[in-house]
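Every letter in the sequence shown is one number past the one before it in our numbering, and letter 26, counting from 1, is 411. Where is the CB? At the ideal position from N, CA and C, for every residue including glycine. Input: a single structure, listed below in structure tokens.
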Amino acid sequence: MGATTPCSLGTGTIFAHEEGAMPVAYEHLEPLYPLGWRYFRFKSPVLPPRLHVHPEFELVQIVSGVGTRLIGDSIEEYQPGDLVLIGPRLAHTYASIPDGGLSEAIVIHFTKAFLGETFFDLPAFASVSTMLAAAPNGLRFAQAPAALAALGELAAAERTVGLLHVLVALSRQPYTWLTTGQSSAGTDSSSARRIEAIVAHVHEHYRAAITLRDVARAVHMNASAASRLFARSTGLTLTRYITVVRLNAACRLLRDTDLPIATIASDSGFGNLSNFNRRFRQVKQTTPKEYRVLVRSGHVEISTREYLPNVKQSQELEFG
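Laid out in structure tokens, this is it:
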């Protein structure tokens, strides 16, 4: 995520680093003087996919906009209020949907040692230390501390104290692990660009019939190579990713419109209603009709974890 493209939820310089036999694309983040950590808030018409890793923790709150975030092997819808903590070296990207509106986010990068090498080893901050130890799995929080939005208005010293307050507050509330613990392989910069192109193609065309060959042609690869690259780099099959992107789109329509379920199935890229109902129940653990009732009554989280088995499909499979 280069400094010239803050809309990609990051800033810094990409460089290659040897880790075992596989080069890993890292994002080098310069600390923001005089804090020793980085805070920024931005607005952008679109969040293009930018798959990357870096050695810092990343705290992201979505202020406006909707789309899909990919963190490790987790695929979830994001929308205003979404708050996640991404651990060091955990691959991640955000991709807004074409009609998702203006994207605005608060992004913070920090290391565990930004207040000193052993600061969070003190007994008083045991809960923060436990939270940071869990962050390599990616953590989602139900509610953002009020102090998070106010950080940008503070002077350097007060802002750093404010970040500490935010971390303590987050460590005292429940959080949900995002990944299954299945680690994905690192990707070099060329592979990362292809993954980004695959994600962008899916988000642009998910409403239509998509075959694995369609996706492969978009990144100038053969179908089997594209499938292997995506699975190796993200821990996900393309089938799984496309299905969950479509189901997240369906959830937005179920929540925000009164469209008939059959229309929502079609508008989300599913070829027939029975297939939509089957996939929805498989992933969301409820029916589309029940989901609409529950989410509007406040009895289900808007961002629900997906449970779709990561089963390989035929190259000729039409993802609908």
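Compare the Cα-Cα distances from residue i to each of the options and report the closest residue.
i: Arg578; options: Gln558, Met606, Gly537; result: Met606
i: Gln667; options: Val629, Val680, Thr619, Val678; result: Val629
i: Pro483; options: Arg677, His586, His550; result: His586
i: Phe425; options: Ala509, Leu536, Arg613, Ala610; result: Leu536
i: Lys383; options: Val445, Ala480, Ser488, Ser481; result: This structure gives no information on residue 383, because the portion of the chain shown stretches from 386 to 705.
i: Val445; options: Val492, Ile460, Arg525; result: Val492
i: Glu461; options: Thr496, Ala582, Val680, Arg525; result: Arg525
i: Thr496; options: Leu455, Lys669, Gly547, Leu517; result: Leu517
i: Thr561; options: Val546, Leu470, Thr619, Arg454; result: Leu470
i: Leu432; options: Gly620, Glu589, Leu632, Arg423; result: Glu589
Can you have a look at residue i and say buried or exposed, based on whether 16 or more other CB atoms are within 10 angstroms of its CB?
i: Arg557; result: exposed
i: Gly450; result: buried
i: Arg598; result: exposed
i: Thr624; result: buried
i: Ser682; result: exposed
i: Gly654; result: buried
i: Asp641; result: exposed
i: Thr515; result: exposed
i: Gln528; result: exposed
i: Gly485; result: buried
i: Pro508; result: exposed
i: Ala593; result: exposed
i: Asp458; result: buried
i: Ser609; result: exposed
i: Thr478; result: buried
i: Pro434; result: buried
i: Ala520; result: buried
i: Ala406; result: Any reading at Ala406 must be qualified, since the residue scores a pLDDT of 30, below 50, and its modelled position is unreliable; the value itself is stated next. Classification of Ala406: exposed, given that the 10 Å Cβ count is below 16.
i: Glu443; result: buried
i: Leu475; result: buried
i: Ala490; result: buried
i: Thr648; result: exposed
i: Glu581; result: buried
Can you grab the Cα-Cα spacing for the pair residue i / residue j, in whole Å?
i: Leu500; j: Leu539; result: 18 Å
i: Pro559; j: Val553; result: 12 Å
i: Leu555; j: Asn657; result: 42 Å
i: Ser659; j: Ala532; result: 46 Å
i: Gly421; j: Val513; result: 19 Å
i: Asn662; j: Ala650; result: 8 Å
i: Thr564; j: Ala542; result: 34 Å
i: Leu468; j: Thr596; result: 33 Å
i: Glu502; j: Pro673; result: 49 Å
i: Arg617; j: His437; result: 14 Å
i: Pro530; j: Arg602; result: 45 Å
i: Ser576; j: Leu614; result: 7 Å
i: Pro473; j: Val448; result: 23 Å
i: Phe665; j: Val551; result: 36 Å
i: Ser481; j: Ile456; result: 14 Å
i: Arg677; j: Ala635; result: 10 Å
i: His439; j: Val600; result: 27 Å
i: Thr622; j: Arg544; result: 41 Å
i: Ser568; j: Val584; result: The predicted position of Ser568 is uncertain, since its pLDDT is 48 and thus under 50; no value can be drawn from it.
i: Ala498; j: Gly523; result: 19 Å
Any Cβ of chain C within less than 8 Å of the Cβ of residue i?
i: Ser682; result: Annotation note: the requested chain C is absent from the structure, which comprises a single protein chain.
(Q) I'd like the ranges of any beta strand (DSSP E) spanning at least 3 consecutive residues and lying wholly in the segment 424 to 469. (A) 442 to 449, 452 to 456, 459 to 463
Q. Mind pulling the beta strand (DSSP E) runs of 3 or more residues that sit fully within the segment 484 to 527?
A. 488 to 495, 524 to 526
Q.
If we require 4 or more residues per run, which alpha helix (DSSP H) segments fall completely within the segment 561 to 634?
A. 574 to 590, 597 to 603, 608 to 619
Q) Does the segment 504 to 513 come close enough to the segment 456 to 467 that 3 or more CB-CB pairs lie under 8 Å? A) no
**Q.** Runs of alpha helix (DSSP H) lying entirely within the segment 538 to 562, each at least 4 residues, in chain order
**A.** 541 to 556
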